[in-house]
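Remarks on the structure that follows.
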Amino acid sequence: MSPIPHAVDLTVTPEVTAFFDAPTNTVSYVVKDPHSVACAVVDSVMDIDYAAGRISYGSADAIIAFIQAHGLKLEWLIETHVHADHLSAAPYIQGKLGGKLGIGDQITVVQETFGKVFNEGTEFQRDGSQFDQLFADGDSYQIGTMTAFAMHTPGHTPACMTHVIGNAAFVGDTLFMPDGGTARADFPGGDPAVLYRSIRRVLALPPQTRLFMCHDYGPNGRQIQWETSVAEERAHNIHVRDGVSEAEFVALRTARDATLDMPRLIIPSIQVNMRAGDLPPPDAAGKRFLKVPINGL
């Protein structure tokens, strides 16, 4: 596990604007360099009416409009992992605003696993080449004057990454708000013990580090929230606060995962997101289809 590179200045405070997608309980972010017009988009959403087989871009258009209205320059589109509960709008936004699309380098493991699940055949590339950048653990990259740092934090999926940008960290599904606990670890390639170790690595960041969630479900009817801190998670997270052992967490996470249904949009989400947000290729007649594997998940 790599230490935080010396080039990463944890005192920088990026300007973070959140966009909440209620149908999927997903939070997307525009992360702006406070010293320039450069920005990144983290975990964007493409809208889908699954029953009707229709996609649209209202959520993405709101992000595009914000970036344009504030005169920002989009440099990166970051996917914290291959999401199973919403479809990425990264290529749509990239087509409008430019920028590079990046994900963790273990995307190849996810592509290999789900390429078989969806019987994609040899034409589906499993080398991550659909993305512009594959981040290895410890890699850094620039957003304007800010140096961002990618930490490999698997357990929910093999490709999960936490992106540390100044004093903010974007944790994907690895952690939820303290009263929401942690991500499930029962998808193919998931592992609750690995998730525990990844979380402890995130929680070893400075206590004041701001943590931004990819999802919130408003436990017990509270209002939706998406920002907390390392200190708050260590003190109050219901699954993995300080003092909870790895064995206790694994037992809790395993028992809880056994009660959970598959995410409503897992079938379209995985097929699209493992392609970097692109739809499956068209058939000879120019029509695109999503597959439903029977008893495959």
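Per the working numbering, residue 1436 is the first one in the sequence shown, and the count goes up by one each step.
Note that beta-carbon positions come from the ideal geometry of N, C-alpha and C, so glycine has one too.
- Within the stretch 1577 to 1622, the complete beta strand (DSSP E) segments of 3 residues or longer fall at 1581 to 1587, 1596 to 1600, 1603 to 1605, listed in chain order.
- Residue pairing for cysteine 1474: DSSP places it in a beta bridge opposite Lys1467, Leu1509.
- Pairwise C-beta distances place the stretch 1674 to 1681 out of contact with the stretch 1495 to 1513, as fewer than three of them are shorter than 8 angstroms.
- Spanning the alpha carbons of serine 1704 and tryptophan 1511 requires a straight line of approximately 21 angstroms.
- Annotated as distal: threonine 1446 and aspartate 1478, with beta-carbon spacing of 9 angstroms or more.
- Distance from the Cα of glutamate 1450 is smallest, within the candidate group Val1465, Ala1457, Asp1444, Pro1458, for Val1465.
- When DSSP states are grouped into helix, strand and coil, isoleucine 1673 belongs to the coil group.
- The bridge partners DSSP lists for threonine 1452 are Val1465.
- In the structure shown, arginine 1489 falls within a strand segment according to DSSP collapsed to helix, strand and coil.
- In the structure shown, the three-state DSSP call for glutamate 1662 is strand.
- With contacts defined as CB atoms closer than 9 angstroms, glycine 1539 and histidine 1591 fail to qualify as a contacting pair.
- About 4 angstroms separates the beta carbons of alanine 1711 and glutamine 1565, which is inside the 8 angstroms limit, making them a contact pair.
- Pairing glutamate 1668 with phenylalanine 1647 gives a Cβ-Cβ distance that is not under 9 angstroms.
- With contacts defined by Cβ atoms closer than 9 angstroms, glycine 1573 and alanine 1585 form a contacting pair.
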